[in-house]
Amino acid sequence: SSSSSSQSQQQQHASVNYIKPLQCGGSDESFVLRHRKNDNDGTKSDLNVNCQTLFTWETPASPHLASRWENMPVSDSEVLSSLRKSLQRIEVDTGDTDGDSIRNVTIIESAGGVLSPSSSSPLNNTTDIAGSSSSSSFWGWSTQADLYSSLNIPVVFVGDGKLGGISVTLASLEALWSRGYQVDAIVFIEGADDGDNGESIQFGKGNTEALREYMTMQNNGQQHRLVDNDSIICLPSLPPMPIPLDEWYEDNREEFRRLDCLLSKRWMARHDDNI
């Protein structure tokens with residue numbers, strides 16, 4: 001999802017910045033750079049694509065486990081401090097301190113789902129669970145949604161395109177809304193499940209339509225809970241590994257471009273309202 005977001009943003013922005021605060025195993029930063037859009041003649045685009053990974057662990061596991069197993073704790077305050085410094089550097093480097101001098105966009109990709117654990121640390125020890133708050137051996141952690149809630153950043157949420165995905169998606173949205181997040185778009189990727197007769201059943205489009213219906217019924221005056229139907233989309237299923245994603249990106253370029261236009265208008269309008 002990180003690369004598809006960055007590719008869509010390349011359509012009309014002078015600069016794209018990708019930040020992965022917590023990385024466990026592999027490198028999403030390398031993935032984004034590898035799939036950045038090329039020019040038609042095969043040369044790299046002159047678009048400025050900057051990627052940063054703030055904290056890394058070698059173990060491909062949840063951050064709260066990887067940080068413990070490798071004895072490399074990272075507290076919530078360390079993550080937020082590093083992330084804020086990165087965002088400030090981007091403003092200075094691009095000259096975009098007032099939002100008018102250059103069109104640039106920054107994408108922050110969380111580690112896992114909305115309520116997936118962040119990295120753990122004894123410095124996160126802020127709750128008294130069975131007296132553990134006084135013990136240095138207790139490593140606390142926050143959810144992804146709690147970790148970034150103070151940043152007041154809009155969300156592009158990747159929903160669940162499989163059977164049962166409506167409930168999973170709505171539960172995640174409720175978790176975001178209850179923490180004050182503004183969800184600007186919901187993107188499903190078609191997921192296939194095998195039916196009783198062995199045929200592949202695709203639920204992504206059905207989940208997309210269900211979310212659109214749900215949003216249409218949200219006439220309770222809670223504007224922060226509304227997502228425009230045009231901003232709830234479904235992309236085709238990903239090709240099986242190890243087939244490269246280049247053709248998939250190219251086939252869906254128009255959908256990425258349309259979503260980017262919608263998001264750009266929304267973000268610019270919100271920026272103008274805050275001036």
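Numbering (the working numbering), first residue to last: 1 to 275. We treat Cβ as the ideally placed atom computed from N, Cα and C, and that holds for glycine.
Roughly how many angstroms lie between the CA atoms of residue i and residue j, to the nearest whole one?
i	j	result
V205	L54	Inspection of the sequence shows that residue 205 is occupied by Lys rather than by Val. Going from the Cα of K205 to the Cα of L54 covers about 35 Å.
L33	Q23	15 Å
D76	P242	35 Å
K85	C51	14 Å
S178	A171	11 Å
R258	I186	14 Å
T59	I19	20 Å
L138	L176	Note that residue 138 corresponds to Phe in the displayed sequence, not to Leu. In a straight line, the C-alpha of F138 is about 27 Å away from that of L176.
M72	T56	9 Å
Y249	H35	9 Å
N124	I201	44 Å
L226	L211	11 Å
G165	M215	16 Å
N290	V79	Nothing about residue 290 can be read from this structure; the chain reaches only from 1 to 275.
R89	S81	12 Å
I232	D93	33 Å
D272	A111	31 Å
L262	E254	12 Å
R270	A145	21 Å
G131	V158	In this prediction, G131 has a pLDDT of 46, which is less than 50 and means its spatial position is unreliable; nothing more can be read from the coordinates.
E209	F203	10 Å
R266	E213	21 Å
P244	D28	15 Å
S264	S30	25 Å
V49	P240	27 Å
L83	P21	7 Å
L87	N17	9 Å
E247	L163	26 Å
E190	R68	35 Å
Using DSSP with H/G/I as helix, E/B as strand and the rest coil, what is residue i?
i	result
N124	helix
Y181	coil
N40	With a pLDDT of 45 at N40, under the threshold of 50, the modelled position of this residue cannot be trusted; read the value that follows with caution. Coil, per DSSP.
I90	helix
V285	Given that the chain is displayed from residue 1 to residue 275, the structure contains no residue 285 and the question cannot be resolved.
V114	coil
S82	helix
T216	helix
P21	strand
N252	coil
L54	strand
T106	strand
L245	coil
S15	strand
L295	The requested residue 295 is not part of the displayed model; the chain covers only 1 to 275.
L238	coil
S231	helix
N207	helix
L200	Rather than Leu, the amino acid found at residue 200 in this sequence is Ser. Here S200 sits in strand by DSSP.
S133	With a pLDDT of only 48 at S133, under the threshold of 50, the placement of this residue in the model should not be trusted, and no figure is reported.
D100	Unreliable placement is indicated for D100, whose pLDDT of 49 sits below 50; the coordinate value is still reported in the next sentence. Three-state result, D100: coil.
Examine the ligand MG and report whether any of its heavy atoms sits within less than 7 Å of the Cβ of residue i.
i	result
K85	Summarising the ligand content, the structure contains no ligands, and the ligand MG is consequently not present.
Give me the residue from the options with the minimum Cα distance to residue i.
i	options	result
E113	N48, L173 and D184	The residue asked about is misnamed: residue 113 is Gly in this sequence, not Glu. Here the closest residue by C-alpha is L173.
E91	N104, A210, F203 and F256	N104
L151	N124, L123, Y181 and F157	Y181
M268	G26, A111 and P154	P154
E70	S30, E29, I232 and G25	G25
S142	D28, P122 and V168	P122
I107	D260, R270, D273 and D272	D260
G95	D160, S27 and S15	S15
V168	N207, V156 and Y148	N207
V183	N229, E190 and L238	N229
S237	G161, A111 and Q144	G161
E300	G140, V74 and Y148	The structure shown has nothing for residue 300, since the chain only spans 1 to 275.
G140	L163, L83 and V74	V74
C234	F188, L245, P21 and R68	F188
F256	V156, L163, M217 and G191	V156
Can you find a C-beta in chain B that's less than 8 Å from the C-beta of residue i?
i	result
I166	The structure shown contains no chain B; it holds only a single protein chain.
Cβ contact check for the segment 107–123 and the segment 61–68: 3 or more pairs under 8 Å: Counting Cβ pairs under 8 Å, three or more are found: they touch.
Every unbroken beta strand (DSSP E) inside the segment 136–173 [3 residues or more]: Taking only runs of at least 3 residues, the beta strand (DSSP E) segments lying wholly in the segment 136–173 are 155–158.
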